[in-house]
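Reading through the structure tokens given below for one structure.
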Amino acid sequence: MISLVVVRLSEPQEGRPIGRAAAAYDDAVGKGRDDQVSPSVGGLLRCPQRGRYLPVSQFYAHPSCVHELRGRVSFFHLGKAGGGSVRHRLELLQMKVHRFHPFPKHPLKNTTEVLFATIRDPVDRFVSAFNWRAALLCKPDDARETHTGDPYLPVKFPERYCLTVSKEARMIHGKYSSDVNLLAEALCPPEDLRLTAEAPHRYDDAVRDSAQIGHAKYTLENWMAMLITADGSGASELADDSTANLREFLAVPLVTGEHFERHLSALTSHLLTERYGPEMAGTILANRRGAIEDDGQAGQWVHTSSPGGGGSGNEHLSPLGECCLARHLVADYRLIATMLGDDEDEEGKAKRRGPRVTPVDGVHPTVSKACDWGDDDHREVCRSDLRSILLRHGTYLDATEGSCRVVLGMEMGGMEEEVRGWAGV
1 MISLVVVRLS
11 EPQEGRPIGR
21 AAAAYDDAVG
31 KGRDDQVSPS
41 VGGLLRCPQR
51 GRYLPVSQFY
61 AHPSCVHELR
71 GRVSFFHLGK
81 AGGGSVRHRL
91 ELLQMKVHRF
101 HPFPKHPLKN
111 TTEVLFATIR
121 DPVDRFVSAF
131 NWRAALLCKP
141 DDARETHTGD
151 PYLPVKFPER
161 YCLTVSKEAR
171 MIHGKYSSDV
181 NLLAEALCPP
191 EDLRLTAEAP
201 HRYDDAVRDS
211 AQIGHAKYTL
221 ENWMAMLITA
231 DGSGASELAD
241 DSTANLREFL
251 AVPLVTGEHF
261 ERHLSALTSH
271 LLTERYGPEM
281 AGTILANRRG
291 AIEDDGQAGQ
301 WVHTSSPGGG
311 GSGNEHLSPL
321 GECCLARHLV
331 ADYRLIATML
341 GDDEDEEGKA
351 KRRGPRVTPV
361 DGVHPTVSKA
371 CDWGDDDHRE
381 VCRSDLRSIL
391 LRHGTYLDAT
401 EGSCRVVLGM
411 EMGGMEEEVR
421 GWAGV
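Per the UniProt record's numbering, the very first residue in the sequence shown carries number 1; after that it's consecutive.
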């Protein structure tokens, strides 16, 4: 039998015992479902690690006390998409979720009810991943130290240490001269650019090479694979074991720093409200507001994906490189279009999706409601951010406009010969 201790608000606030049976339950299945144990009682929060219900201030005085959400909430932490900032915020709030990183692991826990993921412009994410690996991997004449004892030292101190991953390093620093644009331009199919006889080999090599780059090799499509089916049924073949209980997919777009901060606040509020209710969630966030505002990382979010707000993050890509890379990653953009859901009419659809990016059929129904959470203002900002990712590349993503060569010729007029020069034709 599970025992619960009911605490009256008038009693002293030094905390109350959880009860042996409830504590034993937490010890046994703390990472699973805990429906049978109340997470809060009479304005106090359950802290299984301390064996007591505590006031919010005392709960946060003990780092061992956590909001245990791992049984119900999963987090797709895509590399180079702002996931580290999300993780940091969850740690500040002492919230534990089931985090997938650095690569997708299928299937989900079969108890997962809520899944969230950071969504960054796929081109920006690819460029960032390439440049990050270029910074971490040793060059032939690198003066930095190599440290095999701790593989995370180069990640923490890239100015002092580097990784000796020879095959990937030779590809990035040798074949592509540490220049992501050379790889991006090589990703245009030969029939698209009308290149030379060597072009097919160049393209095939580029596709294989892109699949070797840390983080970049795991596309959004790879991460979302468990939520997509080929038969258009809209339910994953893993549904019985993995997504049967999934009721929410939450998109957390990384477009501008200001908006990303709003999405982070909305996300933590949403998760805490679902666990404790709006009143307790508000009390928790009010208690931690100072810690969040004083945090040294606050306001340090990378501004990406917005053409007019802090830089696109890929200015060093040539127009050809951007077009080729965007089309190479078109499956990711199709998933982002799917997250916008259906519109009431064609005019609304054009407004929301921008270019003709065809949504993906056969996705889990929660994907098309990726922004349908939080208040009305947050929902609109979420949709606006996803839409801006699609609009940014304009006709590059619209295959009906012709090949990259044709599109760039139309847009650049007299610069078409320069484009041909970039393409090596």
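Quick reminder that beta carbons are idealized off the backbone N, C-alpha and C, glycines included.
Completely contained beta strand (DSSP E) runs for the segment 77 to 120, where each covers 3 or more residues: Runs of the beta strand (DSSP E) inside the segment 77 to 120: 98 to 100, 114 to 120.
Whole-angstrom C-beta distance between Leu254 and Ala81, which should lie under 8 Å: 6 Å
Run of the alpha helix (DSSP H) containing Val363, from where it starts to where it stops: Taken as a continuous stretch (DSSP letters only), Val363 belongs to no alpha helix (DSSP H), as it is neither H nor E.
Proximity of Ala331 and Glu221 at Cβ, strictly below 8 Å: Taking a C-beta distance under 8 Å as the contact criterion, Ala331 and Glu221 qualify as a contact pair.
Nearest-angstrom Cβ-Cβ length linking Lys96 and His67, presumed shorter than 8 Å: 7 Å
Cβ distance (whole Å) where Leu386 is taken to contact Ile336 below 8 Å: 6 Å
Backbone CA spacing between Arg52 and Arg46 [nearest angstrom]: 6 Å
Sequence ranges, alpha helix (DSSP H) only - wholly within the segment 122 to 185, length at least 4: 122 to 136, 153 to 156, 166 to 169
In chain order, each beta strand (DSSP E) run of at least 3 residues that lies wholly inside the segment 39 to 68: Whole beta strand (DSSP E) segments, 3+ residues: 44 to 47, 52 to 54.
Residue nearest to Leu227 in terms of C-alpha spacing, selected from Tyr396, Val357, His106: His106
Buried/exposed call for Thr146, threshold 16 Cβ in 10 Å: By the neighbour-count rule (16 or more Cβ atoms within 10 Å), Thr146 is not buried but exposed.
Residues that Gly228 bridges to, as DSSP identifies them: Here residue 228 is Ile; the residue named in the question, Gly, does not match the sequence. BP columns for Ile228 point to Val363.
C-alpha gap between Ala169 and Cys323, whole angstroms: 25 Å
Asn287 versus His173: straight-line alpha-carbon distance, rounded: 48 Å
Span separating the alpha-carbon of Pro122 from that of Asp142: Cα to Cα, Pro122 sits roughly 30 Å from Asp142.
Residues sharing a beta bridge with Phe249, DSSP: Leu115
Whole runs of the alpha helix (DSSP H) within the segment 362 to 404, excluding any shorter than 4 residues: 376 to 392
Alpha-carbon to alpha-carbon, Ser242 and Val114: 12 Å
Same chain, Cβ closer than 8 Å to His270, five either side skipped, listed in chain order: Leu250, Trp373, Gly374
Between the CA atoms of Pro189 and residue 427 - distance to the nearest angstrom: Nothing in the structure corresponds to residue 427, since the chain is present only between 1 and 425.
Sub-8 Å separation of Val252 and Val363 beta-carbons: If you check the CB distance, Val252 and Val363 do not come in under 8 Å.
Contact belief for Ser210 with Leu182 at Cβ below 8 Å, rounded distance in angstroms: At roughly 12 Å, the Cβ-Cβ gap does not stay under 8 Å, so Ser210 and Leu182 are not in contact.
Beta-carbon proximity check, Leu340 vs Arg383, cutoff 8 Å: Yes; because the gap between Cβ atoms is below 8 Å, this pair is in contact.
Rounded C-alpha distance that separates Tyr396 from Cys404: 7 Å
Whole-angstrom distance between Ser265 and His378, CA atom to CA atom: Roughly 10 Å between the two C-alpha positions.
Residue closest to Leu390, alpha-carbon to alpha-carbon, out of Lys369, Asp342, Arg334, Asp295: Arg334
For Asn131 and Gln94, the rounded distance between their alpha carbons: 32 Å
Whole-angstrom C-beta distance between Arg133 and Tyr161, which should lie under 8 Å: About 14 Å; that fails the 8 Å criterion.
Which listed residue (Ile292, Gly277, Ile119) has its alpha carbon closest to that of His88: Check the Cα spacing between His88 and each of Ile292, Gly277, Ile119: the tightest is with Ile292.
Backbone secondary structure at Val255 - three-state DSSP: coil
Spatially closest choice to Leu285 from Tyr218, Asn245, Leu90, Pro154, by CA coordinates: For the residues Tyr218, Asn245, Leu90, Pro154, the minimum Cα distance to Leu285 belongs to Leu90.
Spatial distance of Thr358 from Val367 (CA atoms): 15 Å
Coarse secondary structure for residue 427, derived from DSSP in three states: An answer regarding residue 427 cannot be provided, because it is not within the stretch 1 to 425 covered by the chain.
Beta-carbon gap between Val127 and Leu317 smaller than 8 Å: yes
CA nearest to the CA of Pro55, picked from Ser40, Gln49, Ser64, Leu69: Ser40
Cutoff 7 Å; reference Gly321; Cβ partners in own chain excluding five residues on either side: Asn181, Ala184, Glu185
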